[in-house]
Structures are given as C-alpha cells and as structure tokens.
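These protein sequence lines are chains A and B, in that order.
If you use the numbering used here, the first sequence corresponds to residues 2 to 502, in order.
If you use the numbering used here, the second sequence corresponds to residues 894 to 1050, in order.
Quick reminder that beta carbons are idealized off the backbone N, C-alpha and C, glycines included.
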Amino acid sequence: MSNSSFEKSYLEKSLEDNIQTIKKILGSPADLIIRKSSIGIIEHKFAMIYMKGLVNEEQVNNNILRILELNKKDIQGNLFDTVYEEMIALTEIKKSQKLEQVIKTLLSGDTVVLLDNCDLAIQLGTSGGEFRAIEEPQSEAVIRGSRSGFVENLKFNLALLRREIKDPNLRINMMEVGKHSNQKVAICHIEGQVKQEIVDEVVQRLKTINVDFAPDSGFIEQWIEDSNLSPFPQILDTERPDRVAYNLLKGKVSIIVEGSPFALLMPITIGDSLKTIEDYNQRWLISTLLRFLRFVSFYMTLFLPALYVALVSYHPELIPTQLLFTIAASREGVPFPSLVEALLIALFYEILQEAGTRLPRKIGQTIGIVGGIVIGEIAVQAGIVTPLMVIAISLTAISAFTLPNYSLSIGLRVIRFGAIFAATLLGLYGIILVFIMIHIHLANLKSIGIPYSAPFAPNHLWDLKNVVIRAPITTLTKRQPQPFLEPMKSKQKTNGGKGKS
Amino acid sequence: MTLYKEPKEFINDKDIMFAVASNIASITILFLPRHIAENTVSADGWLTILLGGLIAIVLAWFLAKIASSFPNQSFLSFASYLVSKPVATMLSIVFIIQYIAISSFQIREIATLSHEYLFDRTPLEVVCLAFILVVIYAASGSRAAIFRLNILFFPLL
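Right, dumping it as structure tokens:
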C-alpha cells in the first residue's frame, strides 16, 4: 500500500469508519490495540488506539481509559472540548484532523483517542515501553568524569543534555529523516554562542538527506560531511553528554539522531579529534603531557612501520651500528623483503582486530591467546618475520588506540598502508612526500566550511593553548578556532587582510 | 558535500607574512651559502646579500603598496587598469614564466639534495616527478589552502 492513498485525507464523523480506515492503512497488525468503550454516565462511544510495546501501558490505562470510563459528570456543551481540556490526565496532548498525522503519531508511540460523531482525534504523548538504561559509554571510557552516556532514545538523550546545560538559550530543532523510518533528528545549539551561518548550513545539508532508514548517526554524518574521500572524520561522534555540552558552549552544533547513542558534533578541527573531555577534568600539567602523547602517537600510527621499512631497506646508515647488527642478524633467516614482512604483520593485526570486534565476548580471550602467541612468538621463531617488525606494528596498533576518536584512528590505519608503500618505493624521501601530502590534504579539508587545520593553519597562536597543550582552565575562556566559531558580535575584529571594507 | 553558501575565503596579512617568509627561506637556506662562497671573496659575500636584499625590499614594498590599493582584485585585473590590457597580459605571462622557472629550480635543488644524501642510484627524474606530483596535488586545492599549507610547514623551517 502506498503512502499517497491517505496523505491528504481527513477523519470522518463516524467512529466505526475511522477505525476501519486506520486498520486498513496499517494492515490490522497484531500489535495494534483498539479499545472501544464509552464515557461513563453519558454513554458516548469512544475508541482508544495505540501500538502495544511502544506506549507506557500503565499511563494509558490509568490516565485515559479509567478516567473516561469512570466519568461521573453529566457533560454539557461541546463533548470534544471537555474531554480534550478537562478530562484526560496527561500533559502532552494535541488534536488533529489529518489522517496522516494520526498514523504518524500512532507509529511513534502516542495514543490516539477518537470520539464518536467527531472528526477530530486526540493525540496523547504516552510513548514509553522498554529502553536500555543509561550506562557508562563503551567507546569513550574516562577515569575521572561523568559516567552517563547517551542511549538510543532521543527523548532521554535530549533530557541528558538539558541536565548538563540549564540555559534558556539551548535551542533544539527537530527534523525528520528516513523515508520509511521517519526518524526524528534533533539539531542542538546554543543561541548567542554559535554563528547562525553554521546552524543554517547544517540544516540545509540535513534537508538533502534521502535515505530509507538511518541505523545510526553515522549515516547522517556521511550525508552531510564535506568530503567523503577523506580518511579524516570531519564530524565528531561522541557518546558523552558532557562532551556535547562542553562543545555546544564552545560554539558548535550537535545533531542527535533517534535510535543512535552517538551524537554528532560539528564543525570540528583536527585538534578536536585528539581531545577527550577528561583532559579538562585532570590538572593541566598532566593533560598537557597527555595531549603531547597523543600527537606523538598520531604520527607514530602513521609513520612508524613506514619508517622502519625505509630505514632497513634504504638508509641502514641512519641506524645505530649495534642495532643495525642485531637487525641484520635477525633478518638473516627471513625470506621476504621488509615490505612483504610489514604488510604481512599489518594484515595479521588487522584480521585480529576485526575478529576481536566481531567475536562474541566469551570467545574473545581465545583471540588474544591465539593472536599473542601465534603472531607474537611463533611467527618470529619460524623465521617469517623479524621481532623488530612485530614491535613496530604492535606499537602502531597500540598508539592508534590512544587516540580518543575511533573514526580518526581507523582513518589513520588506512593511511599507514600508503606510507609503507611510499617508504618501499622512495625510502625516507617517500615518507616526506606522504607527510607533505597529508598536510596538503588537511589544509584543503573543511568541516561545515571551517578549515580543518585551524588553529594551526589559519594561524591563531593563542588558540593553540587548548589544542597542543591544555593550558590552565582559568585561561580557557574563549571559543576556538576563534574567528570561525565566535558569533556575530566579534566578527568585525577578524577581517584582517580585507582592508577597511 | 558542496557548500550551499560558499564563504569567501580571505587571505589575511598574517597568512601572507608566513607565505613570504617561507618562500624566502625555503630551500634557499640550504644552497645560498655555497653559491655565494663559490663566486665571491671575503667580505663581498654579505655585501651582495645586503644590496640584493635592499633592492628586493624596495621593489616588494612598491608592489605591496600597489596591490593593497586594489583589495580583492587579481593581479591581472588591477594591472590592466593601470597599464592597458595587452601589457598586463604580457606581464602576467612573464610572471608565469618566472614562477615556472623558480619552481623547477627549487625542485631541481631538492632532487639534488636528496640525491646527495638519500639515494645515489635513483634517477633524478623519478625524484623530481614524485615531488612535482605532490606539488600539483597542493596546487589543485583552493588558493587559501596553499597559504594554510605554508603556515603548517613554517615551524619545520
């Protein structure tokens, strides 16, 4: 049955007709509950319609059905208005004449009350049912910080956000995506803290989305990102309400999608993917060191295996002599060139990681043992690979996990292979070229129109204090990268280069 | 995803500062001392740099003055306003040739350098080509991005 058949139609007067139409449109499924009854004393017929499992049944029974059935008042005047305004004990209440509207709310867990001889429906916000409880976020664990993470329910998520930001300027605009799933999408920003152009741009992009169903916010992310060829994520995903709140106050826009515990944050810069919210919870010296550590591991993830390949195959003179002897000795029995060796171990590792993610938790340990022993020890003993190569690849793997953003670290894992090939072809020179290319790419990349390499590249020296280091919290009071995110009032300050226009 | 409202990207004075500095320093730092030492005796070396530098500074100052009195215009458009269109075109062609010469010179220097230190058996052409490809990749992006790139690499000088 196509949607168009009831798109423009309205409810009828007769209760029985309306029930039949709704049943026909939905194909009278097993979970559609239609409870016919009559309002106490005056014996006026009504029907209560909802989807089982989507509603809070206790609410439906106590606050709607029982109140209407046990009515002891003789109702004078307009019956509908009395029921609508006085009788039903629920706060979220709407009336509608459109059939399409009625069906939509029914499917999203509202209860619809129809009265006989009345072409208006009462929609009651009763959505409830079973949901996952608020838990600690799995992908972004912190030692010190809030333990609550987003869940799949949009209402809960928005409530979590409201609990963090009790600001009257917090704006939540709702949109719908998904031709068949009709998922709600909330666009959150804080008025006065964000540039209006950024919000408009995000809304414009969201309007172009054309999917049947978005299983996760990742779908939305890929629709609205600036460049889909880039290995770098241009939109940040997070499970943490505190992180969303912090970023909203720093002038960003957040998108929360129904059914996904991952909120999206935009626009971001490369530095944002290297921050965790815990950086702000620990004291600044520690956090600064950790930031340095992440920058180091960022480059290690990219270049360590490549560097090893380049040094071993092209520039052995750059390795300290004693180490060189050890390497030469261990490479003696290995039949492959260092490229094959590097690719082999990297491939082993990727397989291990993918298997580790997909395996049921109970078998997970097996992978650890098999991976650790087979690849770590036996492969070396069997003379397939050198121990140093195993060290290089496993260091890379571990440093990839120090990056707080998973999308970023898997992106880097892809580039790593490119770097290994470049190192095989041109040695250190190849690595330099790859290094330059990555930076060219970063300089060209944008996130919702904001340069991705800020504040490094449109250089704002003082903004680096919250990117490279984490300066004492007392000095971090501005948004950054400042000229891009600071809203209108300070715009005039940053028109350098444009003359006095 | 393309932007709905392509924001105008301005190159501000700080960007230009970084760009000019890295253009002057760049690879020149590595080979200038040798070139000068080869052709001069004793104090002549620093005099050459000083005089040459002064001339360049004066010319650059003039150029900057002219350019800054025509904000948001390309060289071709304000040059054809000052000296008729054909002359401006000629000047642009001269500039193009000059930049091609400069970049080929620089790439050649880089290639020689890596040839000297890193690989002595790889043909120069391969090294040059690899670098040119990377430069093309940089040039294929937006203009503002090239300036951003200059800033990104400035600390590495």
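- Within chain B, the C-beta atoms nearer than 8 angstroms to that of F457(A) come from I1044 and L1045, in chain order.
- Annotated as proximal: G146(A) and N282(A), with beta-carbon spacing under 7 angstroms.
- Note: F47(A) is bridge-paired with S38(A) and L116(A) in the DSSP secondary-structure output.
- Out of S408(A), F436(A) and D120(A), the CA that lies nearest to the CA of Q98(A) is found in D120(A).
- Apart from the 5 residues on each side of it in sequence, V113(A) sits with its Cβ closer than 6 angstroms to the Cβ of I50, V103, L107, A122 and Q124 in its chain, given in chain order.
- For chain A, none of the residues of the segment 926–938 of chain B brings a beta carbon within less than 7 angstroms of one of its beta carbons.
- H461(A) sits in coil when the DSSP states are folded into three classes, being neither helix nor strand.
- Rounded to whole angstroms, the gap between the alpha carbons of E59(A) and R133(A) is 19 angstroms.
- Distance from the Cα of A330(A) is smallest, within the candidate group L319(A), V313(A), V341(A) and L344(A), for V313(A).
- In the three-state reduction of the DSSP assignment, R1014(B) falls in the coil class, being assigned neither a helical nor a strand state.
- Judged by DSSP in its simplified three-state form, N170(A) adopts coil rather than helix or strand.
- Secondary structure at T239(A): strand, using DSSP grouped into helix, strand and coil.
- Proximity of M267(A) to chain B, defined by a Cβ-Cβ separation below 7 angstroms, is not satisfied.
- Under the three-state reduction of DSSP, P452(A) is assigned to strand.
- Chain A places a beta carbon closer than 7 angstroms to that of Y1030(B), counting this residue as a contact.
- The straight-line gap separating the alpha-carbon atoms of K208(A) and K180(A) is approximately 12 angstroms.
- Residue-level contact check: A1038(B) touches chain A, since one or more beta carbons of chain A fall below 7 angstroms from its beta carbon.
- In chain order, V1028 place their CB closer than 8 angstroms to the CB of S996(B), counting only its own chain and leaving out the 5 sequence neighbours on each side.
- Following the DSSP letters along the chain, one finds S962(B) in no beta strand (DSSP E), marked with neither H nor E.
- In this structure, V258(A) lies away from I199(A), with their beta-carbon atoms at least 7 angstroms apart.
- In chain order, P138, Q139, S140, E141, G150, F151, P262, F263 and A264 place their CB closer than 8 angstroms to the CB of E240(A), counting only its own chain and leaving out the 5 sequence neighbours on each side.
- A distance below 7 angstroms between beta-carbons, with the five flanking residues on each side excluded, links S915(B) to the following residues of its chain, in chain order: N1043, F1046, F1047 and L1050.
- One finds L1042, L1045 and F1046 in chain B with Cβ atoms closer than 8 angstroms to the Cβ of H440(A), taken in chain order.
- Contacts between L1011(B) and chain A, judged by CB atoms closer than 9 angstroms, involve Y315, H316, L427, G428, L429 and Y430 in chain order.
- Proximity of chain B to N211(A) at the Cβ level (cut-off 9 angstroms) is not reached, the minimal Cβ distance being about 13 angstroms.
- For Y11(A), the three-state secondary structure derived from DSSP is strand.
- For secondary structure counted as the alpha helix (DSSP H) over 4 or more consecutive residues, the segment 69–99 of chain A holds these complete runs in sequence order: 80–83.
- Close to chain B, meaning a Cβ-Cβ distance shorter than 7 angstroms, are the following residues of the segment 395–427 of chain A: L427.
- Along the segment 153–223 of chain A, the alpha helix (DSSP H) occurs as fully enclosed runs of 4 or more residues at 155–165 and 197–208, listed in sequence order.
- Between L446(A) and F233(A) a beta carbon distance of about 6 angstroms is seen, short of the 8 angstroms cut, so the two are scored as contacting.
- For D168(A), the closest C-alpha among the options E153(A), G431(A) and C189(A) is that of C189(A).
- Not one beta carbon of chain A lies nearer than 7 angstroms to the beta carbon of A918(B).
- S1035(B) has its alpha-carbon roughly 38 angstroms from the corresponding atom of S339(A).
- With 16 or more other CB atoms across the displayed protein chains lying within 10 angstroms of its CB, R244(A) is buried.
- In the DSSP assignment, V415(A) falls within the unbroken alpha helix (DSSP H) covering Y407 to N445.
- Burial state of D464(A) is buried, judged by a 10 Å Cβ sphere holding 16 or more other Cβ atoms.
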